[in-house]
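Numbering (full-length UniProt numbering) for the sequence shown: 1 to 257.
C-beta atoms are modelled at their ideal positions from N, C-alpha and C, and glycine is treated no differently.
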Amino acid sequence: MQVEQISYGSLKRRRMKGYQIIGKSPGVDATVSSEFCKWAPSHNSLEVAGDAAAQDAWGLSFFPLSDYFYAVARSVHGGPEYSGRGGLAVVTSALVMTRKQLVAYEFHAVDTARTALALGNLILRMDQDETLPTVTLTARPLSLQQPTSDFTDSKPALLPGHAVNWIARETVSLLRDNRKVMIVGKCDPLPILTLVLDQLTPKERSETSFACGLKPSSRRDFRVQVTQDPMSPKLQKELDRSGIVPIDVARVLVETK
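Right under this line is the structure:
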């Protein structure tokens, strides 16, 4: 299966400076590129845990680009930001997939991303070519073990299994009530999102945009978001104002012992 791709980050080019499309494959047109720019994160938008290196931070997101195209995107830190703002630039690599292609993956965006990574895609590219090749994916997702922490299970799980299961079930219930959800507090997003998508139908998955590893932003209207920040009165007010239902990880741990 040949899949289009696109990348976005901070760049200094003759005709434009700042966050922009770095490269795209030939099948990605201007309309899809413009829509992608509305969703892609920019400077200082990746969450970095207090005990982690900035270079290890990553974000995963899934969102529609049109009635026909969708993005499965992974964001990481690249090199130093050239403009003098300090810190590292955020670089987002994404698969641009048609509805038909995602049907083959039953619209399971986490399985799609894990398959793509296993095949060497959705990684930070060192070149800045404006024309990218298409990506070759298997016709069906690879058979991989359920994640317990991150993409490579490189660290111990932050939450016990019963808490992960509870959060996933509650998220699914809220989504089916047509609510937007913010999972708030220290957790491993990938196991939770995998279980959420496992419990949804392919049609429900197609309508469930999500993001983890990205700082919350009102500009990006995801149905499910995950933030490592603890619940606070300020965050609660912001979520209430935005009509987003929080799931407080700390409270879940207390109430599900």
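Check whether Tyr19 and Ser42 have beta carbons under 9 Å apart | What you label residue 19 is simply residue 19 of the sequence shown in a count that begins at 1. What you label residue 42 is simply residue 42 of the sequence shown in a count that begins at 1. Yes; because the gap between Cβ atoms is below 9 Å, this pair is in contact.
Is the beta carbon of Ala73 sitting closer than 9 Å to the one on Ser61?
-> Position 73 of the sequence shown, counted from the start, is the residue given in the question as residue 73. Position 61 of the sequence shown, counted from the start, is the residue given in the question as residue 61. In contact: Ala73 and Ser61 (Cβ atoms closer than 9 Å).
### Query
With Thr112 and Pro141 assumed to form a contact (beta carbons below 8 Å), what rounded beta-carbon distance in angstroms separates them?
Translated into the one-based positions of the sequence shown, residue 112 becomes position 112. Translated into the one-based positions of the sequence shown, residue 141 becomes position 141. That pair is a contact at about 6 Å.
**Message:** On the DSSP bridge list, what partners appear for Trp166?
**Reply:** In the sequence shown, counting from the first residue as 1, residue 166 sits at position 166. In DSSP, Trp166 forms no bridge with anything.
_Where Pro246 falls: helix, strand or coil (DSSP)_ = Position 246 of the sequence shown, counted from the start, is the residue given in the question as residue 246. In the structure shown, Pro246 sits in a strand (DSSP, three-state: E or B).
Review point. When DSSP labels each residue in this structure, what does Ser42 get in the three-state scheme?
Key: Here residue 42 refers to the residue found at position 42 when the sequence shown is read from its first residue. Three-state result, Ser42: coil.
Please identify the residue among Ile247, Leu137, Gly78, Arg219 whose C-alpha is closest to the C-alpha of Val226. The count along the sequence shown starts at 1 and reaches residue 226 at position 226. Here the closest residue by C-alpha is Ile247.
Local Cβ density within 10 Å of Ile183, reported as buried at 16 or more and exposed below that
Residue numbering aside, residue 183 sits at position 183 when the sequence shown is read from its first letter. Answer is buried; the Cβ neighbour count reaches 16.
What residues in its chain sit with their C-beta under 6 Å from that of Ile244, if we drop five residues either side in the sequence?
Here residue 244 refers to the residue found at position 244 of the sequence shown. Counting only Cβ-Cβ distances below 6 Å, and skipping sequence neighbours, we find Lys180, Met182.
What does the Cβ neighbour count give for Leu119, buried or exposed, with the cut at 16 atoms within 10 Å?
As a first step, residue 119 is located in the sequence shown; it is residue number 119 there, counting from the start. By the neighbour-count rule (16 or more Cβ atoms within 10 Å), Leu119 is not buried but exposed.
- Provide the residue span of the beta strand (DSSP E) that contains Ile22, from first to last. Position 22 of the sequence shown, counted from the start, is the residue given in the question as residue 22. Taken as a continuous stretch (DSSP letters only), the beta strand (DSSP E) holding Ile22 covers 17–24.
Sheet register partners of Lys12 (DSSP bridge):
Here the question's residue 12 lines up with position 12 in the sequence shown. DSSP output for Lys12 lists Lys17 as bridge partner(s).
### Message
What residue range does the alpha helix (DSSP H) around Lys203 cover?
### Response
Start at 1 with the first residue of the sequence shown, and residue 203 comes out as number 203. First-last of the alpha helix (DSSP H) with Lys203: 202–206.
- Item | Span of the beta strand (DSSP E), counted from its first residue to its last, around Ala73 | On the sequence shown, position 73 is the one that residue 73 refers to. Counting along the chain, the beta strand (DSSP E) containing Ala73 begins and ends at 69–80.
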